[in-house]
Each structure stands twice: as C-alpha cells, then as structure tokens.
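All remarks here apply to the structure that follows.
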Amino acid sequence: EVEPLKERYEDSFEIGAAVEPYQLEGTHGEMLKHHYNSITAENVMKPINIQPEEGKFNFEEADKIVKFAKENDMKLRFHALVWHSQVPEWFFLDRKGNPMVEETDPKQREKNKKLLLKRLEKHIKKIVLRYRDEVDYWDVANEVIDEYASNDRGLRESKWYQITGTDYIKTAFKTVRKYAGEDAKLYINDYNTHAGQKADLLYNLVRDLLEQGVPIDGVGHQSHIQLDWPQTDEIIESMEMFAELGLDNQITELDVSIYGWPPTGAYPTYEAIPEEVHLAQAERYNELFQAFEEHDDIISNITFWGIADDHTWLDDRAENYNDGIGKDAPFVFDINFNVKPSYWSIID
Ligand code: XIL
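Add 36 to a position in the sequence shown, counting from 1, and you land on the number used in the UniProt record's numbering.
The following block contains the structure:
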C-alpha cells in the first residue's frame, strides 16, 4: 500500500479525481477511496445528461457519484451548470421549435432571451435544491472566454452569448447563490487560464462581474497541460492574480499529456512509451506540485481529470486525428493502477 496522495497533501489542499459512475467500483473505486478526498463527475452532471429533454431530469447516474462522495467523506465538485458544449439543443429552440439564434425580429429576440434565461434558472434551481447539502464546489460557468472571439472582450460567442449576451453568466451565478445559500462556493471554470491573453480576458470579465455584484468565489483552472507548456511560473502568476481579487483557486481538470499540441509523435502502444518520457513527466509533476505546495494559501483543491492512465479523455483525440496519435499517459498511476515515476515525484 503506497501513501495516499490525499494524506501527503492534507495540510495544503484536497486531491480529487473526475470519474464516470462505472469507476466507483472495482480497482478504480479502491483507488478513489485510498488516494482522493474530492470527486467530480466527468460527464454525468452536464446538462445533456441531467436534462436531456425539457422538464425530464435524469439524476440516476449523478446520484451514484453523490452517494459515493457522501459514504466516503469526500468533497464533491459539481461540473458543470452552464457550458456551450454537452448541452441539449432544446434549450435554444423557441416555442415553435425554431433556432433562437436565427430570430431577427427584436421583440421576438427579447422574448427568446427571457425564455432561455428562464430555462437556465429552472435547470439550476432543480439541481441546486437536490444537491445543495452535498455539493461543496459548483462549476457554475464553464469556458465562457474565447481568446479568438471577434468581440474585444474575448467572450465566447456561444448560443448562450448570442441570445443573452453576458446575462446567462450573471443569471447562473445569482441563481446558484439564491438556492444554495451564502456558504456555497461558486466557480468560473476555464482552460488555458495561464496563457497570457486568455488569463487577462478572464480576469477582466471576473473583475467586472464582481463589481456588478455577481457572486463568484473562485476560479477553476482546468489545467490540461503538457510536458513543457505552459511554464509553471505562468500557472502560479495567474492564480495569484485572481487571489488578489479575493478569490479562491482550484486546479479542476489536471492532466499532463506526454504529447504536444496538436499531438504528434505517437507511441504505438502504452508499453512503447520510453522510460525517459515517464521521467520527463515526473520532473514536470514534481515542479508543479512543489509550486502548488508553496502557494497552498491560494489553492484549495487539485483535481485530476481521471484516476489512472487506463481512462483519459485525451485518448478520444485519436478519433479526431488520423496522423498516428498514440495512447496518452497523463496521470501518476499507470494503466494497471501501479505508481509511475510521476507518483513518486509528487510524494517525495
Ligand atoms: C470531457 C470528458 O472528459 C469527455 O469524456 C467528454 O467526451 C467530453 O468532455 N473541459 C471540460 C470537461 O470542462 O468537461 C471536458 O470533459 C474536458 C474539457
């Protein structure tokens, strides 16, 4: 039995993992109980799964994760209430079934906006009233910044934005606060939050929202990173910037890909990944966790986007690219749940 990650870092921050319900059992389940004190649903709490059809909520899978967290005394991160992805299309259809984004009449557009915000409120209210006693951290809004957007504030031009402007973000946070109470912890979550321009765009938005009284408690930094990108310093600087606004920081979806972006130079099998790559990753993990530990006053939770190398969303990219993408190995446990050099590098 190796030392639990959560015990190694118990004085600094919680250690979490994102999971599918099937991973609550078997070896995955044992790993979860041994190493982690925080849990996130990798998919089953997203709108597409919770409310696939208007008014038809499906809590079965989400409940399993909530129950597991409770039974094992783990923190629970709810991911995610609003996102442009994995959201069912019905949200964005008007009462006649036409796409709201195509409406040109100003009066009808105003009605559509109201309807969409109402739907959002209902979605959030239902979930929050069900889980408010169990959820510790809410990912309220996910990926609302897009540094390539054509507007100068870098607001992602999703359907949410096209129909409501930034009102969907405000409504989401206010609705969670209203039903979850003052003690609930509300996060705005995004990727590449450490990359210069994107970090600034997110910072400006968050500062503006706070000034307008929108209840935000912290920033979730997804942190899908690579062996040498971004620099650890940039990661810390970004978190310090948000801490100065009085906000908490959480690393919400950590994985360290062994490939660059776009991924090339594939290894044909997991076993073919050279030892030097595992060692380079261990160096990277070591540097990261050392920096996290040094800044544990501004970070409350570090969640990996998976448990072990057997299951990682990074492998889904192989279906999108045909240029020889290999199996990725982003975690500190290998495909057989054994510890990797990366494990030792964050334990010692
Ligand atoms: C990913 C899941 O891991 C995949 O299983 C799913 O097919 C797509 O979504 N940013 C997020 C997460 O906020 O919700 C995403 O999760 C990964 C990127």
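Built from N, CA and C at the ideal position, the CB exists for glycine as well.
For residue i, does the three-state DSSP call read helix, strand or coil?
{"i": "asparagine 225", "result": "strand"}
{"i": "aspartate 219", "result": "coil"}
{"i": "proline 298", "result": "coil"}
{"i": "lysine 337", "result": "The question names lysine, yet the displayed sequence has asparagine at residue 337. If DSSP states are grouped into helix, strand and coil, asparagine 337 belongs with the strands."}
{"i": "tryptophan 265", "result": "strand"}
{"i": "glutamate 311", "result": "helix"}
{"i": "valine 180", "result": "coil"}
{"i": "threonine 76", "result": "strand"}
{"i": "glutamine 258", "result": "coil"}
{"i": "tryptophan 119", "result": "coil"}
{"i": "arginine 113", "result": "strand"}
{"i": "threonine 288", "result": "strand"}
Would you check whether the ligand XIL has a heavy atom nearer than 7 Å to the C-beta of residue i?
{"i": "asparagine 178", "result": "yes"}
{"i": "tryptophan 297", "result": "no"}
{"i": "glutamine 258", "result": "yes"}
{"i": "alanine 116", "result": "yes"}
{"i": "aspartate 182", "result": "no"}
{"i": "aspartate 188", "result": "no"}
{"i": "asparagine 228", "result": "no"}
{"i": "aspartate 352", "result": "yes"}
{"i": "asparagine 337", "result": "no"}
{"i": "tryptophan 341", "result": "yes"}
{"i": "glutamate 78", "result": "yes"}
{"i": "glutamate 97", "result": "no"}
{"i": "tryptophan 174", "result": "no"}
{"i": "glutamate 289", "result": "yes"}
{"i": "tryptophan 380", "result": "no"}
{"i": "tryptophan 196", "result": "no"}
{"i": "tryptophan 349", "result": "yes"}
Out of curiosity, what's the CA-to-CA distance linking residue i and residue j?
{"i": "glutamate 329", "j": "isoleucine 272", "result": "11 Å"}
{"i": "leucine 41", "j": "histidine 159", "result": "35 Å"}
{"i": "isoleucine 163", "j": "proline 266", "result": "35 Å"}
{"i": "alanine 344", "j": "glutamate 289", "result": "13 Å"}
{"i": "glutamine 198", "j": "aspartate 370", "result": "43 Å"}
{"i": "aspartate 169", "j": "glycine 249", "result": "24 Å"}
Keeping to the same chain, check which residues put their C-beta closer than 8 Å to that of residue i; ignore five residues upstream and five downstream.
{"i": "glutamate 139", "result": "Asp130, Arg145 and Asn148"}
{"i": "serine 293", "result": "His260, Ile261, Gln262, Leu263, Pro299, Leu350, Asp364 and Pro366"}
Among the residues of its own chain, which have a CB less than 6 Å from the CB of residue i, if the five just before and after it don't count?
{"i": "isoleucine 382", "result": "Tyr321 and Phe325"}
{"i": "glutamate 323", "result": "Thr268"}
{"i": "arginine 213", "result": "Pro251"}
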